[in-house]
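Read the structure below first, then the notes.
In the numbering used here, the protein residues as written are 33 to 213.
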């Protein structure tokens, strides 16, 4: 399969909304929390807002990369960066103006475990380095994602124990650029 990584366009909006819905529902199911329909809806609305912010600001407020299957032109992955979310800001409690959050690292369920997320992450790290961003942060409350991030970034800087309920922790990483994965 040939992979194309590019910036989003206005014509991608509907496909991105559907992609976010698919990946969020799949993630909640795999995490055993599919019944949290309102949380899924909130996350979906946030991702839609992030794409709109990217397109409206031409990448200044939020900045996405998309991975597409070149043969089918289907969106199979996303990653974005922007201002750190509220959980990160309240936890780190320092000025994060020069520390962008990497998020929305989504890969289509049919394409997971093929290195697509890693490719997108490398692309984003280069993008941040080229913009002379000194550091980045990311967070996750999903157990499967936490295992991946721990392999790539080591132990988290912050663990909010039982944040999402019993034995459901929230993890936050902050790293200096350049960073090799």
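We put the beta carbon where it would ideally sit given N, CA and C, even for glycine.
For clarity, every value in this text was computed on a predicted model and none was experimentally measured.
Worksheet item: Around the C-beta of residue 72, are 16 or more other C-beta atoms found within 10 angstroms, so that it is buried, or is it exposed?
Response: As a first step, residue 72 must be located in the chain shown, where it is residue number 40. Under this definition residue 72 is a buried residue.
Worksheet item: Which whole-angstrom value describes the C-beta separation of residue 166 and residue 208, a residue pair presumed to lie in contact below a C-beta threshold of 8 Å?
Response: Walking along the chain shown from the start, residue 166 turns up at place 134. Walking along the chain shown from the start, residue 208 turns up at place 176. Rounded, the Cβ-Cβ distance is 7 Å, consistent with contact.
Fill in: residue 195, buried or exposed, once every other Cβ within 10 Å from all chains shown has been counted against 16
Counted from its first residue, the chain shown places residue 195 at position 163. Taking a 10 Å sphere around the C-beta of residue 195, we find fewer than 16 other C-beta atoms and assign the residue as exposed.
Worksheet item: DSSP state of residue 133, grouped into three classes?
Response: What you label residue 133 is simply residue 101 of the chain shown in a count that begins at 1. When secondary structure is reduced to three states using DSSP, residue 133 falls in the strand class.
Discussion item. Using a Cβ distance threshold of 8 Å, determine whether the stretch 135–143 contacts the stretch 109–127, with at least three qualifying pairs required.
Written reply: By the Cβ rule, the stretch 135–143 counts as touching the stretch 109–127, because three or more pairs are nearer than 8 Å.
Worksheet entry | Separation of residue 187 from residue 181, as counted between CA atoms | For this step, residue 181 is matched to residue 149 along the chain shown. For this step, residue 187 is matched to residue 155 along the chain shown. Near 8 Å, if we compare the C-alpha coordinates of residue 187 and residue 181.
Worksheet item: For the stretch 65–148, which segments carrying the alpha helix (DSSP H) assignment without a break, of at least 4 residues, lie completely within its bounds, in sequence order?
Response: Listed in chain order, they are 69–89, 118–124.
Worksheet item: Among residues of its own chain, excluding the 5 on either side of residue 56, which ones have a beta-carbon nearer than 7 Å to its beta-carbon?
Response: As a first step, residue 56 must be located in the chain shown, where it is residue number 24. Result list for residue 56: 72, 75, 76, in chain order.
Worksheet item: Can residue 97 and residue 163 be called in contact, C-beta distance under 8 Å?
Response: Along the chain shown, one-based indexing puts residue 97 at 65. Along the chain shown, one-based indexing puts residue 163 at 131. Against a cut-off of 8 Å, the Cβ pair of residue 163 and residue 97 comes out as no contact.
Worksheet item: Are there 16 or more other CB atoms within 10 angstroms of the CB of residue 86, so buried, or fewer, so exposed?
Response: Here residue 86 corresponds to residue number 54 of the chain shown, with the count starting at 1. With 16 or more other Cβ atoms within 10 Å, it is buried.
Item to complete: Could you round the C-beta distance between residue 148 and residue 35 to whole angstroms and report it? I think they count as a contact, below 8 Å.
Response: Numbered from its first residue, the chain shown carries residue 148 at position 116. Numbered from its first residue, the chain shown carries residue 35 at position 3. Indeed, because the Cβ distance is near 7 Å, the residues count as touching under 8 Å.
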